[in-house]
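Notes to accompany the following structure.
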Amino acid sequence: MKIELTTVQRQYLKGLAHSLNPVVMIGNNGLTESVIREIAINLDAHELIKVRVQGDDRDARVAMYDKICDELGAGQVQHIGKLLVMYRPSDKQLIELPKSKKALKARP
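Taking my numbering, I'd label the letters of the sequence shown as residues 93 to 200.
In structure tokens, the structure reads:
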């Protein structure tokens, strides 16, 4: 089940993800079990990751994005071009999400 992020939380996570490099690439074989396992490992380690998808079919990328987030319980942050940005909190809670727009502005 996907995590539903508010607009403010999504905006905050986009800002954090801007400097990140993709940690997983989905190649010509598509979304295999090993790729999903690798994404899960990286989400546990980093909470916020970018995934690069090869191929030009936008509908296929959207379907993969939905499937990954549903299976792993992640939140969809951004889908821009061939990059998918997703977030899932871990036990360590590395990223603290803002609750409101005021909280977002108060951050250093």
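Don't be surprised by glycine CBs; every beta carbon is placed ideally from N, CA and C. Fair warning: this is a prediction, and the values are worked out from it, not measured in the lab.
Query                                                                                                                                                                                        : Result
Counting Cβ pairs, one atom from each stretch, are 3 or more of them under 8 Å apart for the segment 157 to 164 and the segment 110 to 130?                                                  : yes
In terms of alpha-carbon separation, which member of A109, G107, K191 and H138 lies closest to D183?                                                                                         : H138
Starting from the C-beta of G119, find all residues in its chain whose C-beta is less than 6 Å away, skip the five residues before and the five after it, and write them out in chain order. : Q146
DSSP on V154, reduced to helix/strand/coil?                                                                                                                                                  : helix
May I ask which residues mark the beginning and end of the beta strand (DSSP E) holding Q168?                                                                                                : G167 to I172
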